[in-house]
Amino acid sequence: MEKYLVDTTVLVDHLRGSHKATSFLLKFFPSISHVTVAELIQGTENKREQQAVKQAIRDLNLLPITTSISNQAIALLSKFFLSHNLQFLDALIAATALEENLILITSNAKHFSSVKRLRILNWKDIEAEH
1 MEKYLVDTTV LVDHLRGSHK ATSFLLKFFP SISHVTVAEL IQGTENKREQ
51 QAVKQAIRDL NLLPITTSIS NQAIALLSKF FLSHNLQFLD ALIAATALEE
101 NLILITSNAK HFSSVKRLRI LNWKDIEAEH
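With UniProt numbering applied, the sequence shown has no gaps in its numbers, which climb one by one up to 130 at the end.
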């Protein structure tokens, strides 16, 4: 079975009550990056929403940002920032997927399109039952 790294957009959909997102998370128990957790927390407006984020990620595989991931993210930025405007947090997420050999699930595939060796599935194209 393929293993996945979900981007922030999938978890935002889950937090907003999307059956599709919840089903996907329950079926595949994907990994998430610490970057995604930070982005989710930044998007909250109160303690209740922060608690909902903690609850949503409770059973997911949380991947730390290792030295190897950091180094790969810097290499990706060096290669793609000027030519494709690859952003730092996206470089960290891409590097995490590459280092862990995971398929990245995102609604923002264009953010990662410059990283050709990255396996990406567009969240919008995934059926509810995948």
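We treat Cβ as the ideally placed atom computed from N, Cα and C, and that holds for glycine. Model, not experiment: these values are computed from the prediction.
Query                                                                                                              : Result
Endpoints, beta strand (DSSP E) assigned at residue 113                                                            : Counting along the chain, residue 113 falls outside any beta strand (DSSP E), and DSSP gives it neither H nor E.
Minimum length 4: unbroken alpha helix (DSSP H) runs contained in the stretch 14 to 70                             : 19 to 28, 34 to 42 and 47 to 57
Candidates 98, 10 and 114, of which the one nearest residue 80 by Cα                                               : 114
Straight-line Cα distance separating residue 108 from residue 13                                                   : 13 angstroms
Sub-7 angstroms separation of residue 120 and residue 2 beta-carbons                                               : no
Reduced DSSP secondary structure (H/G/I, E/B, other) of residue 105                                                : strand
Top-ranked residue by Cα proximity to residue 55, from 15, 39 and 30                                               : 15
CA nearest to the CA of residue 112, picked from 126, 91, 100 and 24                                               : 91
In chain order, each beta strand (DSSP E) run of at least 3 residues that lies wholly inside the stretch 73 to 106 : 103 to 106
Simplified DSSP state of residue 11, which is helix, strand or coil                                                : helix
Cβ neighbours of residue 10 in the same chain (closer than 6 angstroms, five flanking residues each side left out) : 21, 105 and 123
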